[in-house]
Each structure stands twice: as C-alpha cells, then as structure tokens.
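Numbering (the working numbering), first residue to last: 21 to 138.
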C-alpha cells in the first residue's frame, strides 16, 4: 500500500523509479534539492548568506557525484539553487571559483583524515 503511494507521488515529479539502491538515493537527492530550492525562494539573503549557499552547493557537487546516478539532473538542480539564491539576495557577490575549490578541497582533506583509522 505504501509503496504504491510512493510510486504515485514519484511519477508526478520524476520518471518511475527503479527500486535499486542507486535509483532510490538519486530520487531522494532530487527531491531534497527541489525542496532546498523552494526553501531558498522563500528567504532573503545578504552577501555572506549567498556566499555560504554557494560554498555549500559547490561542496555538494563533489560529494553527490559519488552517490547520485543522474549527474546531469543533480548538477542542474544544484545550479538552480544558486540561481534562486542569487535572485533572493540583496547583494549577490559570488566567490571566485579558485577560492571555492580551495575551501572544498581543504574540507574534503580534513574529512578524509578524520575517517582514516589511526
């Protein structure tokens, strides 16, 4: 019964899911990003809030590539979150790509160090 309701809900938003782990994760990621985009549309951001969202989305691009099947759709939704944030920002001054890359690489390096057993 619940599986049927979930299937009906997902068919309205996306193609019918393939009930394997990767497909379910990708569908959850897509729904989460659409929800984030709707949340952003209801907010007003200052420059630092916009830059924080920009950094978070840049980080998600690296991490979601590993788990989501439909990379193009995920990239599109991540970009839509940035566009929506810029539209809702009073002073949208983006961070430079090299700065974003350096911050994300630093965080990924720290995360991998912490996950390695000592």
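Just so it is clear, CB atoms sit at the ideal spot from N, CA and C, and this is done for glycine as well.
Check, Outcome
"Nearest neighbour of residue 110, chosen from 45, 70 and 79 [CA to CA]", "70"
"Selection from 96, 59 and 134 that minimises the alpha carbon distance to residue 50", "96"
"Burial state of residue 88 (16 or more Cβ within 10 Å)", "buried"
"At least three beta-carbon pairs within less than 8 Å, the segment 74 to 87 to the segment 118 to 138", "yes"
"Neighbour-count burial assignment, residue 83, 16 or more Cβ in a 10 Å radius", "exposed"
"Spatial neighbours of residue 124 in its chain, beta-carbon cut-off 8 Å, leaving aside the 5 residues before and after", "75, 78, 79 and 82"
"CB contact flag (residue 105, residue 65, <8 Å)", "yes"
"Closest Cα partner of residue 112 within the set 67, 134 and 72", "67"
"Integer Cβ distance of residue 60 from residue 108, believed to fall under 8 Å", "6 Å"
"Nearest-angstrom Cβ-Cβ length linking residue 91 and residue 57, presumed shorter than 8 Å", "In fact, because the Cβ distance is near 18 Å, the residues do not count as touching under 8 Å."
"DSSP bridge partner residues for residue 65 (one or two, in chain order)", "109"
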